[in-house]
Structures are given as C-alpha cells and as structure tokens.
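Numbering (the working numbering), first residue to last: 12 to 139.
Right, here's the structure in full:
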C-alpha cells in the first residue's frame, strides 16, 4: 500500500466506516430502551351502528370512534379505545414504528459497512 492514492482511498474508507459506526451506536439506543411499545395502528373508525332508524343507516352521518387494529395469529383484530387509552396507545404504537424504522436503518447500515470493509480490504491487500 505504498501508493499515495491507495492510502487516501483507505483513509476515506475508514472515515466512512467510522461515520456508519457512529450512526449504528445512536440507533442502538432505540433497541436498548426499556420503554413499552405496542404493535398496531390507532385511527378513527367510521361505521354504521346497525339500527335501521339511525341517521347512519343512510350512510351519510356515520358514527366515529377511535380504534386500534393489529394482527394476531394471522388475523386482523380491532378494538375501540377510550380517550385515555387513545392517548397512551398513540404514543406506544409510535414507539413501535420508530423501533421498526431504526431496525430497517440498522440493516442498511450493516450492508453499507460490509461493502466498505470489503473495499478497505481490497485497498490494503498486497501481493505476497
């Protein structure tokens, strides 16, 4: 690796690898957290109540409620929420989505790190 351009390339690769390591360290905090989380989605649900004399029977004025949906055993589940539950479950489901985003980014970073490591190996390698 006596070639000055090879040293420069190796230096840039090491710097890139260090940046990815730092980002990985920041993401690790999301995985080490002990804060609870909930898998699912909280949203406003509009539907008919089923009473034939109700205004919702025409489909114009549907009843609204806040609900959470999640998948359990391969089936979609749905449950109405009270206002207190709504506030807490919005926070918990957002934590879950943040964790999943962090996990996806972690996978991307690991792939990028492997590419950099392979390039660094190639730049550093010399003939026997």
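We put the beta carbon where it would ideally sit given N, CA and C, even for glycine.
Item, Value
"With a threshold of 16 other CB atoms inside 10 Å of the CB of residue 79, please say whether the residue is buried or exposed.", "buried"
"Does the distance from the C-beta atom of residue 103 to that of residue 48 stay below 9 Å?", "yes"
"Note the first and the last residue of the continuous beta strand (DSSP E) segment covering residue 95.", "From DSSP, residue 95 is part of no beta strand (DSSP E) but of the alpha helix (DSSP H) over 94–135."
"Leaving out the 5 sequence neighbours to the left and right, which residues in its chain are closer than 8 Å to residue 62 when beta-carbon positions are compared?", "68"
"Leaving out five residues on either side along the sequence, give the residues of the same chain with a beta carbon under 6 Å from the beta carbon of residue 57.", "73, 75"
"Give me the DSSP bridge partner(s) of residue 53.", "79"
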